[in-house]
Amino acid sequence: MIPHRYPFLLVDKVDIVKPNEEAIGLKNVTMNEPQFTGHFPENPVMPGVLIIEAMAQTAAVAV
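The sequence shown begins at 120 in the working numbering and counts up one residue at a time.
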């Protein structure tokens, strides 16, 4: 549905609630994800820009 592949595919599943209006994206995040290597090594968090990208990927599937 979208051209993204690992490691930049940030959505594992998309549930369409209302076509072209509302969707729910799901990403199973593990500590093995490459973005956690240097993003606060002692307190790893998902980088905000990747959260936004995951929302954009969810929206791309929804429309």
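Yeah, the Cβ is synthetic: ideal placement off N, Cα and C, and Gly gets one too.
Just so we're clear, the structure is a prediction, and the values are computed from it rather than from any experiment.
Query                                                                                                                                                              : Result
Could you spell out the range, first to last residue, of the alpha helix (DSSP H) harbouring GLU172?                                                               : 167 to 181
Please classify VAL130 as buried or exposed, where buried requires at least 16 neighbouring CB atoms within 10 angstroms.                                          : buried
Determine which residues share a DSSP beta bridge with LEU145 and list them.                                                                                       : LYS132
So, for THR177: in the same chain, excluding its five sequence neighbours on each side, which residues have a beta-carbon less than 6 Å away from its beta-carbon? : VAL130, VAL133, ALA142, GLY144
Would you say ALA181 and GLU140 are within 9 Å of each other, going by their C-beta atoms?                                                                         : yes
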